[in-house]
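Trainee: Handing you a structure now.
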Amino acid sequence: MERKKFLLTTAAAIPALLVGQNLTAQKPKRPNKGFVVKATESRFGEKTLLGGKNPNDIKVSQKDTNGDLTIFEYTGNEKGGPPLHIHLHQDEIFFIVQGEYLFQVGEDKHNLKAGDTIFLPRTIPHAFAQLTENGKMFFLFQPSGKMEDFFGELGKLNAPPPPEQGAKLFVEHDMKIVGPPLKF
0 MERKKFLLTT AAAIPALLVG QNLTAQKPKR PNKGFVVKAT ESRFGEKTLL GGKNPNDIKV
60 SQKDTNGDLT IFEYTGNEKG GPPLHIHLHQ DEIFFIVQGE YLFQVGEDKH NLKAGDTIFL
120 PRTIPHAFAQ LTENGKMFFL FQPSGKMEDF FGELGKLNAP PPPEQGAKLF VEHDMKIVGP
180 PLKF
């Protein structure tokens, strides 16, 4: 009787094992070599200008990391920033290279300058404003989610979208606007 129970249990487990192997086998491979992305270039040579004048270059793509990470280099040529928003699925980290920025994370506000880093946890309302005429920062999303597509869509516009269109873009990319841009 024990042998029959063992055989039935083993037979029932085989489909689950095969499904697990198929899920593992279907994951895309990561690159087997490192790569370099030069200054003022983007990972795959595309150019994304936010607002028609602010380069936002992909340095490490979700395609490189199986969706685990995306890193952007943003060069700001005007003051201001996005509305207060949340990411439903991504943590975000900013590293300031040049200029000065005001960040809000929840209720807390922070002034950041070159060399400073800030962590923004997922589901916490946040926004930033560039306070200087020119600025540069690296920022990353973990996991990548739909962020590369989001910035690709924004890059197709020559100016910030009207509020309704902007809110729709945020929702389509797993984010939600929860307040206006920061006043500075």
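The sequence shown begins at 0 in numbering that gives the first Met the number 0 and counts up one residue at a time. Backbone N, C-alpha and C fix where the C-beta goes; we use that ideal spot for every residue, glycine too.
Less than 9 Å separating the beta-carbons of G98 and I123?
Mentor: no
Trainee: Could you tell me the distance, in whole angstroms, from the CA atom of K58 to the CA atom of G80?
Mentor: Counting only the Cα atoms, G80 lies some 21 Å from K58.
Trainee: Using a Cβ-Cβ cutoff of less than 7 Å, which residues in the same chain neighbour I85 once the five nearest sequence positions on both sides are dropped?
Mentor: T122, I123, P124, M174, K175, V177
Trainee: What's the gap between the Cα of F138 and the Cα of T69?
Mentor: 8 Å
Trainee: Terminal residues of the continuous alpha helix (DSSP H) containing G197?
Mentor: Residue 197 lies beyond the range of the chain shown here (0 to 183); nothing can be said about it.
Trainee: Check the DSSP bridge columns for H86 and list the partner residues they point to.
Mentor: M174.
Trainee: So, does the stretch 147–154 touch the stretch 106–122, judging by three or more C-beta pairs under 8 Å?
Mentor: In short, these stretches do not touch, since the Cβ pair count stays below three.
Trainee: What is the rounded straight-line gap between the Cα of D56 and the Cα of E40?
Mentor: 7 Å
Trainee: For Q103, which residues of its own chain have a beta-carbon under 7 Å away from its beta-carbon, when the five flanking residues on both sides are left out?
Mentor: L83, H125, A126, L181
Trainee: Return yes when the Cβ of K135 is within less than 9 Å of the Cβ of V96, no when it is not.
Mentor: yes
Trainee: So which of L153, V36, R29 has the shortest CA-CA distance to K52?
Mentor: Closest option to K52, Cα to Cα, is L153.
Trainee: Who pairs with E99 in a beta bridge, going by DSSP?
Mentor: K112
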